[in-house]
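See structure below.
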Amino acid sequence: MSLTRRQYLGQIGRVGGVGAAAVLGGCASNRQPDTESVSVRIGSKPFVEQKILGYLAYQRLQSVDWIRAVDEIGSGNSLSNWDATAAGEQHLYWEYTGTAWMQLPPRHETRITDPNSLYERVQSDAHSQQLQLAEPASFSNEYVIVADATWAEQTGVSTISELATHLRDVDRIPGIAVNEEFFHRRDGWPGLASYYDVRTEDREKLESETFIVTSIGLTYELLEQGRVQIASGFATDPQLDRSTITVLEDDRDYFLPYQPAPTAYAPLIDDHPEIFEELSPVVSALDKPTMRNLNKQVLIDGDHPFAVATQFLSEEVAADA
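Heads up: the sequence shown runs through residues 574 to 894, numbered per our numbering.
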(Lines of atoms letter the chains of each structure in order from A; the text may use other names.)
(Lines give C-alpha, C1' and ligand atoms only; values in the text may rest on other atoms or scores of the structure.)
Protein backbone atom coordinates (compact mmCIF):
# COMPACT_ATOMS: atom_id res chain seq x y z
CA MET A 574 0.00 0.00 0.00
CA SER A 575 1.40 3.44 -0.89
CA LEU A 576 2.18 5.83 1.95
CA THR A 577 1.10 9.42 2.27
CA ARG A 578 3.91 11.96 2.66
CA ARG A 579 3.20 12.34 6.38
CA GLN A 580 3.14 8.55 6.90
CA TYR A 581 6.40 8.23 5.01
CA LEU A 582 8.06 10.93 7.11
CA GLY A 583 6.76 9.43 10.33
CA GLN A 584 8.07 6.02 9.38
CA ILE A 585 11.49 7.44 8.56
CA GLY A 586 11.56 9.40 11.81
CA ARG A 587 10.83 6.22 13.81
CA VAL A 588 13.41 4.00 12.20
CA GLY A 589 16.18 6.52 12.85
CA GLY A 590 19.76 6.21 11.69
CA VAL A 591 19.73 2.60 10.54
CA GLY A 592 16.71 3.15 8.33
CA ALA A 593 18.17 6.33 6.90
CA ALA A 594 21.32 4.48 5.93
CA ALA A 595 19.21 1.94 4.08
CA VAL A 596 17.19 4.64 2.30
CA LEU A 597 20.34 6.48 1.26
CA GLY A 598 22.50 3.45 0.67
CA GLY A 599 22.79 4.22 -3.02
CA CYS A 600 25.06 7.15 -2.16
CA ALA A 601 27.79 4.98 -0.63
CA SER A 602 29.58 4.09 -3.84
CA ASN A 603 33.08 5.32 -2.98
CA ARG A 604 34.17 2.53 -0.68
CA GLN A 605 37.75 2.89 0.56
CA PRO A 606 38.71 -0.71 1.42
CA ASP A 607 42.15 0.22 2.75
CA THR A 608 40.86 2.95 5.02
CA GLU A 609 39.91 2.28 8.61
CA SER A 610 36.53 3.49 9.78
CA VAL A 611 36.56 7.19 10.57
CA SER A 612 34.33 8.81 13.20
CA VAL A 613 32.78 12.15 12.26
CA ARG A 614 30.94 13.91 15.07
CA ILE A 615 28.38 16.26 13.54
CA GLY A 616 26.83 19.14 15.46
CA SER A 617 24.59 22.10 14.81
CA LYS A 618 22.97 25.07 16.47
CA PRO A 619 19.55 24.42 18.03
CA PHE A 620 17.21 26.18 15.58
CA VAL A 621 15.28 24.38 12.84
CA GLU A 622 17.33 25.27 9.76
CA GLN A 623 20.54 24.26 11.50
CA LYS A 624 19.05 20.93 12.54
CA ILE A 625 17.97 20.24 8.96
CA LEU A 626 21.44 21.10 7.66
CA GLY A 627 23.01 19.01 10.39
CA TYR A 628 20.91 15.97 9.52
CA LEU A 629 21.62 16.43 5.81
CA ALA A 630 25.33 16.12 6.58
CA TYR A 631 24.83 13.36 9.17
CA GLN A 632 22.74 11.12 6.94
CA ARG A 633 24.80 11.76 3.82
CA LEU A 634 28.01 10.78 5.62
CA GLN A 635 26.33 7.90 7.44
CA SER A 636 25.65 6.33 4.06
CA VAL A 637 29.41 6.11 3.37
CA ASP A 638 30.54 2.75 4.68
CA TRP A 639 33.95 3.88 5.97
CA ILE A 640 32.47 6.77 7.98
CA ARG A 641 30.89 6.43 11.41
CA ALA A 642 28.69 9.53 11.67
CA VAL A 643 27.89 10.56 15.25
CA ASP A 644 24.77 12.63 15.92
CA GLU A 645 25.54 15.63 18.15
CA ILE A 646 23.00 17.86 16.42
CA GLY A 647 21.06 20.59 18.13
CA SER A 648 23.17 21.92 20.97
CA GLY A 649 25.45 24.90 21.30
CA ASN A 650 25.56 28.37 19.80
CA SER A 651 27.81 29.66 17.03
CA LEU A 652 30.85 30.19 19.25
CA SER A 653 30.65 26.86 21.06
CA ASN A 654 30.28 24.95 17.78
CA TRP A 655 33.15 26.89 16.20
CA ASP A 656 35.44 26.35 19.19
CA ALA A 657 34.56 22.66 19.60
CA THR A 658 35.22 22.01 15.91
CA ALA A 659 38.49 23.93 15.96
CA ALA A 660 39.60 21.81 18.92
CA GLY A 661 38.60 18.54 17.29
CA GLU A 662 36.06 17.81 20.02
CA GLN A 663 33.44 17.99 17.26
CA HIS A 664 34.25 17.40 13.62
CA LEU A 665 31.70 19.18 11.47
CA TYR A 666 28.77 21.60 11.46
CA TRP A 667 27.39 24.28 9.14
CA GLU A 668 28.35 27.90 9.76
CA TYR A 669 27.13 31.03 8.01
CA THR A 670 29.75 33.24 6.39
CA GLY A 671 28.36 36.48 7.82
CA THR A 672 28.21 35.03 11.31
CA ALA A 673 31.77 33.74 11.08
CA TRP A 674 33.00 37.14 9.91
CA MET A 675 31.19 39.33 12.42
CA GLN A 676 30.70 37.11 15.47
CA LEU A 677 33.48 34.50 15.61
CA PRO A 678 37.21 34.85 16.27
CA PRO A 679 38.93 37.05 15.32
CA ARG A 680 35.71 39.13 14.71
CA HIS A 681 35.83 41.91 12.14
CA GLU A 682 34.30 45.35 11.90
CA THR A 683 34.82 45.73 8.14
CA ARG A 684 31.65 45.10 6.17
CA ILE A 685 32.07 42.88 3.11
CA THR A 686 28.93 42.49 1.03
CA ASP A 687 30.37 40.52 -1.90
CA PRO A 688 29.62 36.83 -1.17
CA ASN A 689 32.78 35.45 -2.80
CA SER A 690 35.10 37.94 -1.11
CA LEU A 691 33.47 37.28 2.24
CA TYR A 692 33.82 33.52 1.86
CA GLU A 693 37.50 33.82 0.96
CA ARG A 694 38.20 35.99 4.00
CA VAL A 695 36.29 33.69 6.32
CA GLN A 696 38.08 30.67 4.87
CA SER A 697 41.41 32.36 5.59
CA ASP A 698 40.38 32.99 9.21
CA ALA A 699 39.25 29.39 9.53
CA HIS A 700 42.55 28.00 8.27
CA SER A 701 44.40 29.89 10.98
CA GLN A 702 42.26 28.12 13.59
CA GLN A 703 42.46 24.49 12.46
CA LEU A 704 39.20 24.77 10.52
CA GLN A 705 38.22 24.34 6.89
CA LEU A 706 35.09 25.56 5.14
CA ALA A 707 33.68 23.74 2.15
CA GLU A 708 32.12 25.76 -0.66
CA PRO A 709 28.94 27.39 0.68
CA ALA A 710 25.39 26.90 -0.51
CA SER A 711 24.13 29.46 -3.01
CA PHE A 712 21.52 30.99 -0.71
CA SER A 713 21.99 33.54 2.05
CA ASN A 714 19.92 33.34 5.21
CA GLU A 715 20.48 36.93 6.24
CA TYR A 716 18.36 38.78 8.73
CA VAL A 717 15.33 40.58 7.30
CA ILE A 718 13.05 43.29 8.63
CA VAL A 719 9.42 42.64 7.84
CA ALA A 720 6.22 44.62 8.21
CA ASP A 721 2.53 43.95 8.37
CA ALA A 722 1.52 44.31 4.72
CA THR A 723 -1.49 46.52 5.42
CA TRP A 724 0.54 48.82 7.66
CA ALA A 725 3.31 49.05 5.04
CA GLU A 726 0.81 50.00 2.34
CA GLN A 727 -0.89 52.61 4.52
CA THR A 728 2.36 54.26 5.58
CA GLY A 729 4.23 53.85 2.30
CA VAL A 730 7.15 52.19 4.11
CA SER A 731 8.85 49.68 1.81
CA THR A 732 12.53 50.03 2.77
CA ILE A 733 14.50 50.11 5.99
CA SER A 734 15.54 53.70 5.22
CA GLU A 735 11.89 54.68 5.00
CA LEU A 736 11.22 52.89 8.28
CA ALA A 737 14.01 54.87 9.98
CA THR A 738 12.53 58.11 8.63
CA HIS A 739 9.06 57.06 9.77
CA LEU A 740 10.34 56.46 13.30
CA ARG A 741 11.67 60.03 13.41
CA ASP A 742 8.67 61.78 11.92
CA VAL A 743 5.59 60.25 13.56
CA ASP A 744 4.21 60.56 17.06
CA ARG A 745 2.69 57.10 17.13
CA ILE A 746 5.57 54.69 16.64
CA PRO A 747 4.84 51.12 15.53
CA GLY A 748 5.19 48.06 17.68
CA ILE A 749 8.36 46.12 16.92
CA ALA A 750 9.17 42.49 17.78
CA VAL A 751 12.66 41.05 17.44
CA ASN A 752 14.21 37.80 18.53
CA GLU A 753 16.56 37.94 21.48
CA GLU A 754 19.75 37.16 19.58
CA PHE A 755 19.01 39.83 16.98
CA PHE A 756 18.43 42.35 19.78
CA HIS A 757 21.89 41.76 21.24
CA ARG A 758 24.12 40.87 18.29
CA ARG A 759 26.40 43.56 16.86
CA ASP A 760 25.22 42.66 13.36
CA GLY A 761 21.59 42.73 14.54
CA TRP A 762 19.53 45.54 16.01
CA PRO A 763 22.34 47.69 17.53
CA GLY A 764 24.30 47.80 14.29
CA LEU A 765 21.21 48.18 12.11
CA ALA A 766 19.86 51.12 14.12
CA SER A 767 23.21 52.88 13.98
CA TYR A 768 23.78 52.18 10.28
CA TYR A 769 20.37 53.49 9.30
CA ASP A 770 20.74 56.58 11.51
CA VAL A 771 18.00 55.82 14.00
CA ARG A 772 18.52 58.57 16.56
CA THR A 773 19.44 57.61 20.10
CA GLU A 774 16.32 59.22 21.52
CA ASP A 775 14.12 57.40 19.00
CA ARG A 776 15.79 54.11 19.76
CA GLU A 777 15.41 54.61 23.51
CA LYS A 778 11.74 55.47 23.07
CA LEU A 779 11.18 52.38 20.92
CA GLU A 780 12.92 50.03 23.32
CA SER A 781 11.09 51.41 26.35
CA GLU A 782 7.59 51.65 24.88
CA THR A 783 6.84 49.46 21.88
CA PHE A 784 9.64 46.93 21.69
CA ILE A 785 9.08 43.22 22.32
CA VAL A 786 12.10 40.93 22.58
CA THR A 787 11.00 37.34 22.14
CA SER A 788 12.02 33.99 20.71
CA ILE A 789 12.55 33.12 17.04
CA GLY A 790 9.24 32.48 15.32
CA LEU A 791 7.03 34.29 17.80
CA THR A 792 7.73 37.55 16.02
CA TYR A 793 5.48 36.37 13.19
CA GLU A 794 2.71 35.40 15.60
CA LEU A 795 2.79 38.89 17.07
CA LEU A 796 2.53 40.33 13.57
CA GLU A 797 -0.45 38.12 12.74
CA GLN A 798 -2.15 39.09 16.00
CA GLY A 799 -1.71 42.80 15.20
CA ARG A 800 0.27 43.40 18.38
CA VAL A 801 3.23 44.73 16.39
CA GLN A 802 3.68 46.12 12.90
CA ILE A 803 7.41 45.46 12.42
CA ALA A 804 9.46 42.33 13.16
CA SER A 805 12.81 40.69 12.58
CA GLY A 806 13.13 37.45 10.69
CA PHE A 807 15.38 35.41 8.43
CA ALA A 808 15.42 35.22 4.64
CA THR A 809 14.57 31.50 4.59
CA ASP A 810 11.60 31.75 6.98
CA PRO A 811 8.56 30.09 5.36
CA GLN A 812 6.32 32.77 6.89
CA LEU A 813 7.71 35.23 4.34
CA ASP A 814 5.50 33.60 1.71
CA ARG A 815 2.38 34.94 3.46
CA SER A 816 0.53 37.72 1.67
CA THR A 817 0.08 39.49 5.00
CA ILE A 818 3.83 40.11 5.36
CA THR A 819 6.03 42.55 3.47
CA VAL A 820 9.82 42.28 3.53
CA LEU A 821 11.37 45.74 3.80
CA GLU A 822 14.19 46.26 1.33
CA ASP A 823 17.65 46.54 2.90
CA ASP A 824 18.27 49.47 0.55
CA ARG A 825 21.68 50.37 1.98
CA ASP A 826 22.91 46.75 2.08
CA TYR A 827 23.48 46.52 5.80
CA PHE A 828 23.12 42.77 6.19
CA LEU A 829 26.07 40.72 5.00
CA PRO A 830 25.72 37.47 3.04
CA TYR A 831 24.98 34.59 5.40
CA GLN A 832 25.72 31.55 3.26
CA PRO A 833 25.90 28.22 5.13
CA ALA A 834 29.03 26.15 4.55
CA PRO A 835 30.09 22.79 6.00
CA THR A 836 32.75 23.75 8.53
CA ALA A 837 35.10 21.02 9.69
CA TYR A 838 38.12 20.19 11.82
CA ALA A 839 40.97 20.82 9.38
CA PRO A 840 43.15 17.77 10.19
CA LEU A 841 40.19 15.52 9.45
CA ILE A 842 39.68 17.07 6.00
CA ASP A 843 43.43 17.04 5.32
CA ASP A 844 43.38 13.27 5.89
CA HIS A 845 40.00 12.64 4.29
CA PRO A 846 39.11 15.29 1.69
CA GLU A 847 36.45 12.84 0.45
CA ILE A 848 34.24 14.03 3.32
CA PHE A 849 33.74 17.42 1.67
CA GLU A 850 33.39 15.69 -1.70
CA GLU A 851 30.52 13.60 -0.29
CA LEU A 852 28.77 16.74 0.95
CA SER A 853 29.22 18.70 -2.28
CA PRO A 854 26.03 17.39 -3.99
CA VAL A 855 24.05 18.30 -0.88
CA VAL A 856 25.42 21.84 -0.86
CA SER A 857 24.73 22.22 -4.58
CA ALA A 858 21.10 21.10 -4.17
CA LEU A 859 20.27 23.89 -1.71
CA ASP A 860 18.95 27.27 -2.80
CA LYS A 861 16.72 29.78 -1.02
CA PRO A 862 13.32 28.43 -2.18
CA THR A 863 14.44 24.90 -1.37
CA MET A 864 15.64 25.81 2.10
CA ARG A 865 12.49 27.80 2.78
CA ASN A 866 10.42 24.77 1.80
CA LEU A 867 12.45 22.44 4.03
CA ASN A 868 11.97 24.84 6.93
CA LYS A 869 8.24 24.95 6.18
CA GLN A 870 7.96 21.19 6.47
CA VAL A 871 9.24 21.40 10.04
CA LEU A 872 7.93 24.74 11.28
CA ILE A 873 4.47 24.68 9.71
CA ASP A 874 3.76 21.07 8.70
CA GLY A 875 5.19 19.66 11.92
CA ASP A 876 7.58 17.11 10.42
CA HIS A 877 10.84 16.15 12.14
CA PRO A 878 14.12 17.61 10.79
CA PHE A 879 15.57 14.09 10.56
CA ALA A 880 12.68 12.91 8.38
CA VAL A 881 12.72 16.04 6.22
CA ALA A 882 16.46 15.67 5.59
CA THR A 883 16.07 11.97 4.79
CA GLN A 884 13.35 12.55 2.23
CA PHE A 885 15.26 15.40 0.59
CA LEU A 886 18.42 13.32 0.24
CA SER A 887 16.49 10.37 -1.13
CA GLU A 888 14.46 12.36 -3.67
CA GLU A 889 16.65 15.33 -4.62
CA VAL A 890 20.29 14.37 -4.01
CA ALA A 891 20.79 10.61 -4.30
CA ALA A 892 19.71 10.50 -7.93
CA ASP A 893 22.26 13.16 -8.88
CA ALA A 894 25.16 11.84 -6.80
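Built from N, CA and C at the ideal position, the CB exists for glycine as well.
Could you check if residue i is buried or exposed, using at least 16 other CB atoms within 10 Å of its CB as the buried criterion?
i: P862; result: exposed
i: T709; result: Looking at the sequence shown, residue 709 is not Thr but Pro. Label assigned to P709: buried.
i: L841; result: buried
i: Q870; result: buried
i: V637; result: buried
i: P878; result: buried
i: I727; result: A small fix is needed here, since residue 727 is Gln in this sequence, not Ile. By the 10 Å Cβ count, Q727 comes out exposed.
i: E850; result: exposed
i: V899; result: What is shown of the chain runs 574 to 894, which leaves residue 899 out entirely.
i: R532; result: Since the displayed the chain opens at 574 and closes at 894, residue 532 lies outside it and no answer follows.
i: G729; result: exposed
i: G761; result: buried
i: G627; result: buried
i: D876; result: buried
i: G748; result: buried
i: E668; result: buried
i: Q798; result: exposed
i: P606; result: Here P606 scores only 44 on pLDDT, less than 50, and its place in the model should not be relied on; the value that follows carries that caveat. That one is exposed.
i: L704; result: buried
i: L829; result: buried
i: L652; result: exposed
i: C600; result: Since pLDDT at C600 reaches only 46, below the 50 mark, its modelled position is unreliable, and the value read off the structure follows with that caveat. Result: buried.
Give me the Cβ distance between residue i and residue j, rounded to the nearest whole Å; I'm assuming they're in contact under 8 Å.
i: V621; j: L813; result: Contact doesn't hold; Cβ gap of about 14 Å is too wide.
i: H664; j: A837; result: 6 Å
i: A722; j: I848; result: Actually they do not touch by this definition, with Cβ atoms about 44 Å apart.
i: S895; j: I646; result: Absent from the structure is residue 895, since the part of the chain shown begins at 574 and ends at 894.
i: V613; j: A659; result: Contact flag wrong, Cβ pair sits at about 15 Å.
i: I625; j: L867; result: 5 Å
i: L779; j: I746; result: 6 Å
i: R758; j: Q676; result: 7 Å
Can you list, in chain order, the residues of its chain with a C-beta nearer than 8 Å to that of residue i? Leave out the 5 residues immediately preceding and following it.
i: E822; result: S731, T732, I733
i: S696; result: According to the sequence shown, residue 696 is Gln rather than Ser. Hits under 8 Å: Q705, L706.
i: E609; result: W639
Below 7 Å between beta carbons: does that hold for residue i and residue j?
i: F712; j: D810; result: no
i: V948; j: A750; result: Since the first residue shown for the chain is 574 and the last is 894, residue 948 is missing from the structure and cannot be characterised.
i: Y692; j: T670; result: yes
i: A834; j: L706; result: yes
i: T686; j: D826; result: yes
i: L740; j: D698; result: no
i: Y666; j: N650; result: no
i: F756; j: V786; result: yes
Take residue i and list the residues in its own chain whose beta-carbon comes closer than 6 Å to its own, dropping the five residues that flank it on each side.
i: N714; result: F807, A808, T809, Y831
i: Q884; result: none
i: D644; result: Y631
i: A725; result: T819
i: V855; result: L629, R633, V890
i: E682; result: none
i: D874; result: none
i: E735; result: none
i: E662; result: none
Who are the Cβ neighbours of residue i in its own chain at under 7 Å, not counting the five residues just before and after it?
i: T792; result: A750, V751, N752, A804, S805, G806
i: D770; result: A737
i: P619; result: G647, S648
i: Y716; result: F755, G761, S805, F807, F828
i: R694; result: W674, I685
i: I789; result: F620, N752
i: L852; result: A630, R633, A707, P835
Does the Cβ of residue i lie closer than 6 Å to at least one heavy atom of the ligand MN?
i: R741; result: The ligand MN is absent from the structure shown, which contains no ligands of any kind.
Inset, instruction - Pick out the complete beta strand (DSSP E) segments inside the region 771 to 798, 3 residues or longer, and give them in chain order. - result: 784 to 787
Legend entry - Inside the region 663 to 736 only - alpha helix (DSSP H) runs reaching at least 4 residues: 670 to 676, 688 to 700, 722 to 728
Legend entry - In chain order, each beta strand (DSSP E) run of at least 3 residues that lies wholly inside the region 617 to 656: 640 to 645
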